[in-house]
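Each residue of the sequence shown is one higher than the one before, counting from 858 in my numbering. The C-beta atom is built at its ideal place from N, Cα and C for all residues, glycine as well. These notes are about the structure you will find just below.
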Amino acid sequence: MIVMKFGGTSVEDATAIRRLVSIVRQQLQRQPIVVVSAMARVTNGLLDCARWAAEGKDADVQAKLDEVKARHSAAADELALPEERETLHAALRTQLAELTGTLDEIQRGGIVTEALSDSVSAQGELLSSLLVAAAFRADGISSERIDVRPLMRTNDDFMRAAIDFEVADPLLHETFTAQVNAGCVPVTQGFIGSTVDGRTTTIGRGGSDYSASIIGAAVNATAIEIWTDVDGMMTTDPRIVPEAAKIKTISFAEASELAYFGAKVLHPSTLRPAMVKDIPVYICNSRRPHVQGTAILSHAPASKSPIKAIAFKRGITVVNVDSVRMLMAHGFLARLFEVFNRHETAVDMVATSEVSVSMTLDDTRHLDAIIADLQEFGEVTVERDRAIICLVGEQMKFTPGLASRIFTPLNQINISMISHGASAINASFVIESALVDEAVKRLHKEFFSELDEETFEKVDV
Ligand code: ASP
Ligand code: MG
């Protein structure tokens, strides 16, 4: 069995869905389970509707609903068999009626609770999966659309629900294995689940990748394929460095670092379930299915390049605490980090000296309260508009002289924090946001002017 997950652009209209069908058709002997996202832009549109409904902007809600309806209904006309067309339209109508019902409830209450928000945003996947299953049947492939919600059990932390694996794994396993063994291609939804009492939840924006990996692990799939609209993971963002190359093979550990550092191809949690079961994850381009994408493996072949990719995250805030009575005092750091814990804020990078601690934050919602609490530890200063640059590569630890290769090209660029974790697969540092492009260009030139063709490939566009 394999899991094939198709993102929003890969199901955005009838043409994209036909492409999806022909991609899956070539893999039928591998017993695919298909997981889909909502059509491109639909989740955002639905969330807009929820907000507008609460604000009483009925005309805006109606206009967006009409658009969503029209897109699905046009695709249904193009994709479904003539004899199935009416049933498919009826199924879409039922789904849309559920959506309208929830929007009415939001409008009456004047507020979008997180639970209602999930009931609304889940409709995108529920709609698109109807179309995809119908498209398979129209192409002579036995297929059934499975509502994943009763299987994908979560807690009730709406909008970011956590999976209850003990319940979900056996249910997913049983249902999908039975479908596949019956010669059927099941089509199901990413992103959504439900609570023990049957209320719809979502697992966080972009979560369909994660769903695919959870399902893949539950059925012991031999591969998890993430079909998207790029060729794979890249050495860096091609918008900054047009010569950026595709990475052919990368390890779970390296890819996790990149996903976390905002390489948008993968939801950061995706690799966890796959790693536990050692299932390879492939990133493939549904517009260019002949192109070999990126393979994410537990052990990627050793590369001649010490660095696999340069990632970065802008909009970082650095908080410094200077204190003379600090580091030697035991328990100091524990108490300091307790402040962040109390304000539910994650710290990404930490650097310490005898008299100071510097930390980077991504989420500054509680910054004022954090600063107030930190003042009891020493003098607090804040640097805004910073960025973390992160170099990732397993071969780093075997490469002497790497620090000078990293920092020499960056002369004249002020570097404020450096961290090189014990795992030695990531070297990160902080600079001003405005200097990111320049720094990334220089580093890319240093490390990727000559490509190790075993690991990287030039992208021909
Ligand atoms: N449709 C959801 C979103 O836009 C989930 C996903 O596409 O992964 O966030
Ligand atoms: Mg996505």
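Would you list the one or two residues that DSSP bridges to residue i?
i            : result
residue 966  : In the DSSP output, where bridge partners are listed per residue, residue 966 has none listed.
residue 1179 : 1213, 1236
residue 1084 : 863, 1141
residue 1002 : 1044
residue 1289 : 1243
residue 858  : Note: residue 858 sits in no beta bridge, so no partner.
residue 1274 : 1287
residue 890  : 860
residue 1051 : 1010, 1057
residue 1152 : 1106, 1139
residue 1020 : 1011
residue 1248 : 1167, 1284
residue 1207 : 1216
residue 1091 : 1103
Between the beta-carbon of residue i and the beta-carbon of residue j, is there less than 9 angstroms?
i            : j            : result
residue 1003 : residue 1074 : no
residue 1246 : residue 1288 : yes
residue 994  : residue 960  : no
residue 1106 : residue 1157 : yes
residue 1055 : residue 1011 : no
residue 957  : residue 1016 : no
residue 892  : residue 981  : no
residue 1007 : residue 1070 : no
residue 1311 : residue 1160 : yes
residue 1046 : residue 1005 : yes
residue 1094 : residue 1297 : yes
residue 895  : residue 936  : no
residue 967  : residue 1018 : no
residue 1293 : residue 1189 : no
residue 1052 : residue 1013 : yes
residue 1191 : residue 1248 : no
residue 1041 : residue 1068 : no
residue 1110 : residue 859  : no
residue 1167 : residue 1265 : no
residue 1153 : residue 1090 : yes
residue 897  : residue 944  : no
Per DSSP, what kind of secondary structure is residue i in: helix, strand or coil?
i            : result
residue 1257 : coil
residue 993  : helix
residue 1046 : strand
residue 882  : helix
residue 1314 : strand
residue 1033 : helix
residue 1226 : helix
residue 1132 : helix
residue 929  : helix
residue 1170 : strand
residue 1218 : strand
residue 939  : helix
residue 1101 : coil
residue 957  : helix
residue 979  : coil
residue 1066 : helix
residue 1231 : helix
residue 1307 : coil
residue 919  : helix
residue 1096 : coil
residue 1123 : coil
residue 1026 : helix
residue 870  : coil
residue 914  : coil
- Quick one: residues with CB closer than 5 angstroms to any heavy atom of the ligand MN, in chain order, please. The ligand MN is absent from the structure shown, which contains only the ligand ASP and the ligand MG.
- Segment contact flag, the stretch 1111 to 1129 with the stretch 1137 to 1154, C-beta cutoff 8 angstroms, min 3 pairs: yes
- Task: Report yes or no: do the stretch 1017 to 1036 and the stretch 985 to 992 share at least 3 C-beta pairs separated by less than 8 angstroms?
- Result: no
- Message: Three Cβ pairs or more, each shorter than 8 angstroms: is that satisfied between the stretch 941 to 958 and the stretch 883 to 898?
- Response: no
- Message: When you compare the stretch 1079 to 1090 with the stretch 867 to 881, are there three or more beta-carbon pairs, one atom per stretch, that lie closer than 8 angstroms?
- Response: yes
- Evaluate the contact criterion for the stretch 1217 to 1225 versus the stretch 1161 to 1179: three or more CB pairs, one atom per stretch, below 8 angstroms. yes
- Task: Check whether the stretch 967 to 978 touches the stretch 896 to 914, counting contact only when three or more Cβ pairs, one atom from each stretch, lie closer than 8 angstroms.
- Result: yes
- Is there contact between the stretch 1096 to 1116 and the stretch 1286 to 1302, where contact requires at least three CB pairs shorter than 8 angstroms? yes
- Decide yes or no for the touch test of the stretch 1196 to 1209 against the stretch 1225 to 1239: beta carbon pairs closer than 8 angstroms, at least 3 of them. yes
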